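Participant: To start, I am sharing the structure in question, which I have written as structure tokens.
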Amino acid sequence: MRIVVCVKQVPNPEIAASQYRVDEQARTVAPVAGVQWVMSPFDEQAVEAALRIRDAHPATNITVMSLGPERARTVLKHGLAMGADEGVLLADTAFAGSDGYTTALTLAAAIRKIGNVDLVLTGRQAADRDGGVVGAGIGELLGVPVISFAKEVHIEDGVARVERVLDDGTETVEALLPAVVTVSNELGAPRVPSLRETMRAARKPVAAWSASDLGLAADTVGAAGARRVPERMFIPLKQNRCEFIAGKSPEEQAAGLAQRLREAKLI
Amino acid sequence: MTGAVLVIAETTQGKTAGAAYELLGLARRLADQAGGTVAAALLGSGGDAVAQELIARGADKVFVAEHALLGEYYADAWVPALAGICREAACDAILISHNAVGADLAPRLAFRLGTAVATGCVEVALNAGRLALTRPCYGGNAREVIAFKTVPAIATVRPGCYDVLAADASRRGTVEQVQPEFDASAIRTRIIARKRDAAEGMRLEDAKVIVAGGRGLNGAGGFRALEDLARALGGAVGASRVPCDLGWCPRSWQIGLTGRTVTPELYIAVGISGAGHHMAGCGNAKAIVAVNTDPEAAIFKDARYGIVGDYQKFIPAFISEVQKLQG
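Which chain is which? The protein sequence lines are A and B, in order.
If you're matching positions, the first sequence starts at 93 in the working numbering and goes up one per residue.
If you're matching positions, the second sequence starts at -11 in the working numbering and goes up one per residue.
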């Protein structure tokens, strides 16, 4: 079985809100210097889902793939250190400024180039744009079924059986492979690379493909092919008008809060 | 933008979810500004009564696709059926509620129609004749405004961002039955089991008061005190992501960027730090009360009232104050 996991490099989403700065010119968020670039957490869980499948089916080959600049090699390295077998970096100046559409277009072309891919895994959304568009787009462009928001992914006899998250519970869905599955945080914690796997990862192959390697014209990818027009990026202002309810005891605080909420007709 | 604004009206058990009325209110406003019309798409069954209700809430035309396979959400049935309606409605914009169904449906519909989608929008406005879509990103820490080069522009809109129009039974509109463009063989996925979390009390989306717990509860037991408070206030209990991931409470309680979006009158956040991804789901509450041991917690920047202290001592005291007020 051949699995491709699409992973995105993002600024560490765990940083405090105060560390976000907006680049008005580029209409993008510019984290302050020193913030690490990491694999988007949902994508890390997608890698984990692939590794769990390989734990059950050892004859499984896992490729981690990322569309991004040269620095995105570090997230491929991380995926390889977690246990993936090979990496593919989709790097080309023409890819810069991709939106959900051109990202899906480029990844789908790369998945076609690999060929005979049984399962494509992605995170449910990237931790930077929070779009949740690319996984569905890859499925639509490849013409294969998509199952979103997976909590568990099992493969048996060419069938993907996925428990997926709903607003008020879960449902179990089956689809014939090939298929695309997007992974949600309910999958659980991804494994931490061992020292041994990290050493081995250094020797695993990482291919680098450009637009022409994928047979894509430069004006169909990146910002040129994008359907999204970024108009503005901003940090919402907080009103910061909190009234702290003082009191010598929890009882006094409780009485103070109850009184204010009653005055405001909130209770 | 002079064509139609199309609202996808999601129904559960033959009834329209309230969020569809919010979308109709928004669509009406956009259409009136642009001189266009409002259309609604109704899938499955439910028939004329629901269609008339959609007209009373602002639709000029309702497309009804009745088919046994559209009764519950299967993307492989809904996407081709809706793609057909979208083409027939000649719409410039498609509005879909941002929930588990909408977040799955909208991107696929966008690719099927050769257009693009903005997910989780908090504002949809007309800017020089073009739709400007505002949405949280970077875990709720930033917001972006985007437009699209292609039509129709698709937006999933977070619940609670727009007011529902009062029903006006004198409004007139047309209802058109359409034949969905798919057959059973197009459905490539099969639902084999469904587990609903035991629904206790009201839906979070309908609650006027929500008491929500976070990592600071330090364990599943903390939710018992929150349930007691919610009961005293006639409200519902929610959570940030950490307690759900740790199994302290059902996942369906999760409020935030990847959970549910709520807009209660009163939101009491207990032991919640106030990270952007949580606030994206509750930031539109009318008033937020934060209870936290850390006076520097980010939640106090969003809160109207703050209690610095141990919730285990504060919540029981607050419950008895509430009961005193209620006599």
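Beta carbons: idealized from backbone N, C-alpha and C, even for Gly.
From a predicted model like this one, the values you see are computed outputs, not experimental measurements.
Is there a Cβ from chain B that is less than 8 Å from the Cβ of A:Pro282?
Facilitator: Taking the first residue of the first sequence as 1, we reach residue 282 of chain A at position 190. No, its Cβ sits nowhere closer than 8 Å to a Cβ of chain B.
Participant: Does any CB atom of chain B fall closer than 8 Å to the CB of A:Val321?
Facilitator: Here residue 321 of chain A refers to the residue found at position 229 of the first sequence. Taking Cβ atoms only, chain B reaches closer than 8 Å to A:Val321, which makes this a yes.
Participant: Leaving out the 5 sequence neighbours to the left and right, which residues in its chain are closer than 6 Å to B:Leu234 when beta-carbon positions are compared?
Facilitator: Position 246 of the second sequence, counted from the start, is the residue given in the question as residue 234 of chain B. Same-chain partners within the cutoff: there are none.
Participant: Return the residues of the segment 235 to 262 of chain B that lie within a Cβ-Cβ distance of less than 7 Å from chain A, sorted by chain order.
Facilitator: If the cut-off is 7 Å between Cβ atoms, the segment 235 to 262 of chain B has Arg239, Ser240, Leu245, Thr246, Arg248, Glu253, Leu254 near chain A.
Participant: With a cut-off of 8 Å, do at least 3 Cβ pairs link the segment 201 to 213 of chain A to the segment 320 to 333 of chain A?
Facilitator: With the cut-off at 8 Å, the segment 201 to 213 of chain A and the segment 320 to 333 of chain A do not touch.
Participant: Give me the Cα-Cα distance between B:Leu42 and B:Arg17, rounded to the nearest whole angstrom.
Facilitator: Here residue 42 of chain B refers to the residue found at position 54 when the second sequence is read from its first residue. Here residue 17 of chain B refers to the residue found at position 29 when the second sequence is read from its first residue. Those two C-alpha atoms are separated by around 15 Å.
Participant: State the DSSP-derived secondary structure class of A:Phe241, mapped to helix, strand or coil.
Facilitator: Taking the first residue of the first sequence as position 1, residue 241 of chain A is located at position 149. Three-state result, A:Phe241: strand.
Participant: Go ahead and pull the three-state DSSP assignment for A:Cys334.
Facilitator: The residue you call residue 334 of chain A lines up with position 242 of the first sequence. Here A:Cys334 sits in coil by DSSP.
Participant: Quick check on the DSSP output: the beta strand (DSSP E) that includes A:Arg144 runs from which residue to which?
Facilitator: Residue numbering aside, residue 144 of chain A sits at position 52 when the first sequence is read from its first letter. Looking at the DSSP string, A:Arg144 is not in any beta strand (DSSP E); the run it does join, the alpha helix (DSSP H), is 133 to 148.
Participant: Cβ closer than 7 Å: which chain B residues qualify as neighbours of A:Glu343?
Facilitator: In the first sequence, counting from the first residue as 1, residue 343 of chain A sits at position 251. Chain B residues near A:Glu343: Ala305.
Participant: Can a CB atom of chain B be found closer than 8 Å to the CB of A:Asp260?
Facilitator: Within the first sequence, the letter at position 168 stands for residue 260 of chain A. At least one chain B Cβ lies under 8 Å of A:Asp260.
Participant: Helix, strand or coil for B:Tyr150 per DSSP?
Facilitator: Position 162 of the second sequence, counting from 1, holds the residue named residue 150 of chain B. Coil.
Participant: Measuring only the C-alpha atoms, how far is A:Ala219 from B:His265?
Facilitator: Here the question's residue 219 of chain A lines up with position 127 in the first sequence. Here the question's residue 265 of chain B lines up with position 277 in the second sequence. Taking the straight line joining both Cα atoms gives about 10 Å.
Participant: Among B:Cys149, B:Leu97, B:Arg184, B:Ala130, which residue has its Cα nearest to the Cα of B:Ile142?
Facilitator: Walking along the second sequence from the start, residue 142 of chain B turns up at place 154. It is B:Leu97.
Participant: Are there 16 or more other CB atoms within 10 angstroms of the CB of A:His149, so buried, or fewer, so exposed?
Facilitator: For this step, residue 149 of chain A is matched to residue 57 along the first sequence. Exposed is the call here.
Participant: Are the segment 227 to 243 of chain B and the segment 190 to 210 of chain B in contact at 8 Å, needing three or more beta carbon pairs?
Facilitator: The segment 227 to 243 of chain B, when compared against the segment 190 to 210 of chain B, does touch it at the 8 Å Cβ threshold.
Participant: So, are the CB atoms of A:Phe134 and A:Arg221 less than 8 Å apart?
Facilitator: Residue mapping note: residue 134 of chain A aligns to position 42 of the first sequence, counting from 1. Residue mapping note: residue 221 of chain A aligns to position 129 of the first sequence, counting from 1. Contact flag unset, no.
Participant: I'd like the list of long-range same chain contacts for B:Met190, defined as Cβ closer than 6 Å, with 5 residues on each side in sequence excluded.
Facilitator: One-based indexing of the second sequence puts residue 190 of chain B at position 202. Cβ within range, chain order: Ala224.
Participant: For A:Ala318 versus A:Asp115, is the C-beta spacing smaller than 8 Å?
Facilitator: On the first sequence, position 226 is the one that residue 318 of chain A refers to. On the first sequence, position 23 is the one that residue 115 of chain A refers to. Not closer than 8 Å, so no.
Participant: So if I threshold CB-CB distances at 9 Å, which residues from the segment 203 to 218 of chain A count as touching chain B?
Facilitator: Flagged, chain order: Arg216, Gln217.
Participant: Give me, in chain order, the residues of the same chain whose beta-carbon lies closer than 6 Å to that of B:Ala5; leave out the 5 immediate sequence neighbours on both sides.
Facilitator: As a position in the second sequence, residue 5 of chain B is number 17, starting the count at 1. Taken in chain order, the residues that qualify are Glu(-2).
Participant: Name, please, each residue of chain A whose Cβ falls closer than 9 Å to the Cβ of B:Thr281.
Facilitator: Working through the second sequence from its first residue, we reach residue 281 of chain B at position 293. The contacting residues do not exist; B:Thr281 stays about 12 Å from chain A at best.
Participant: Take the Cβ of B:Gly207 as the centre, count every other Cβ of all protein chains shown within 10 Å, and call the residue buried at 16 or more, exposed below.
Facilitator: Within the second sequence, numbered from 1, the residue matching residue 207 of chain B stands at position 219. Looking at its Cβ environment, which holds fewer than 16 other Cβ atoms inside 10 Å, B:Gly207 is exposed.
Participant: Quick one: is A:Met325 near chain C, going by C-beta distance under 8 Å?
Facilitator: Chain labels in this structure do not include chain C; the protein chains are A and B.
Participant: Going by the CB atoms, is the gap between B:Val279 and B:Leu214 shorter than 8 Å?
Facilitator: To locate residue 214 of chain B, count along the second sequence from 1; it is residue 226. To locate residue 279 of chain B, count along the second sequence from 1; it is residue 291. Taking 8 Å as the Cβ cut-off, B:Leu214 and B:Val279 do not qualify as a contacting pair.
Participant: Can you tell me where the alpha helix (DSSP H) with B:Glu76 in it begins and where it stops?
Facilitator: Start at 1 with the first residue of the second sequence, and residue 76 of chain B comes out as number 88. Looking at the DSSP string, the run of the alpha helix (DSSP H) that includes B:Glu76 is 63 to 77.
Participant: Apart from the five residues on each side of it in sequence, which residues of its chain come closer than 8 Å, Cβ to Cβ, to B:Leu114?
Facilitator: For the purposes of this step, residue 114 of chain B is taken as residue 126 along the second sequence, with counting starting at 1. Answer for B:Leu114: Met(-11), Leu18, Gln21, Ala22, Ala120, listed in chain order.
Participant: Tell me A:Phe326's beta-bridge partners as DSSP assigns them.
Facilitator: By one-based count along the first sequence, residue 326 of chain A stands at place 234. Answer is B:Arg131.
Participant: Can you name the residues that DSSP bridges to A:Phe187?
Facilitator: Counting from 1 along the first sequence, the entry for residue 187 of chain A is found at position 95. The partner list for A:Phe187 (beta bridge, DSSP) is empty, contrary to what the question assumes.
Participant: Taking B:Gly127 as the reference, give the member of A:Ala109, A:Ala309, A:Val226, A:Leu233 with the closest Cα.
Facilitator: As a first step, residue 127 of chain B must be located in the second sequence, where it is residue number 139. When only C-alpha atoms are compared, the closest one is A:Ala109.
Participant: Helix, strand or coil, according to DSSP, for A:Ser286 in the structure here?
Facilitator: For the purposes of this step, residue 286 of chain A is identified with residue 194 of the first sequence, where counting begins at 1. In the structure shown, A:Ser286 sits in coil (DSSP, three-state: anything other than H, G, I, E or B).
Participant: How far does the beta strand (DSSP E) with B:Val230 in it reach, from first residue to last?
Facilitator: The sequence position of residue 230 of chain B within the second sequence is 242, counting from 1. Looking at the DSSP string, B:Val230 is not in any beta strand (DSSP E); the run it does join, the alpha helix (DSSP H), is 229 to 233.
Participant: Looking at B:Ser85 and B:Ala8, is the spacing between their C-beta atoms short of 8 Å?
Facilitator: Translated into positions along the second sequence, residue 8 of chain B becomes position 20. Translated into positions along the second sequence, residue 85 of chain B becomes position 97. In contact: B:Ala8 and B:Ser85 (Cβ atoms closer than 8 Å).
Participant: At a Cβ threshold of 8 Å, is B:Val(-5) touching chain A?
Facilitator: Translated into the one-based positions of the second sequence, residue -5 of chain B becomes position 7. Not closer than 8 Å to any Cβ of chain A, the Cβ of B:Val(-5) fails to qualify, so no.
Participant: Rounded to whole angstroms, what's the CA-CA distance from B:Asn129 to A:Pro123? Just pull it up for me.
Facilitator: Translated into the one-based positions of the second sequence, residue 129 of chain B becomes position 141. Translated into the one-based positions of the first sequence, residue 123 of chain A becomes position 31. Approximately 11 Å between the Cα atoms of the pair.
Participant: Among A:Val99, A:Ala138, A:Ala186, which one has its Cα closest to the Cα of A:Val254?
Facilitator: Taking the first sequence and counting its residues from 1, one reaches residue 254 of chain A at position 162. For the residues A:Val99, A:Ala138, A:Ala186, the minimum Cα distance to A:Val254 belongs to A:Ala138.
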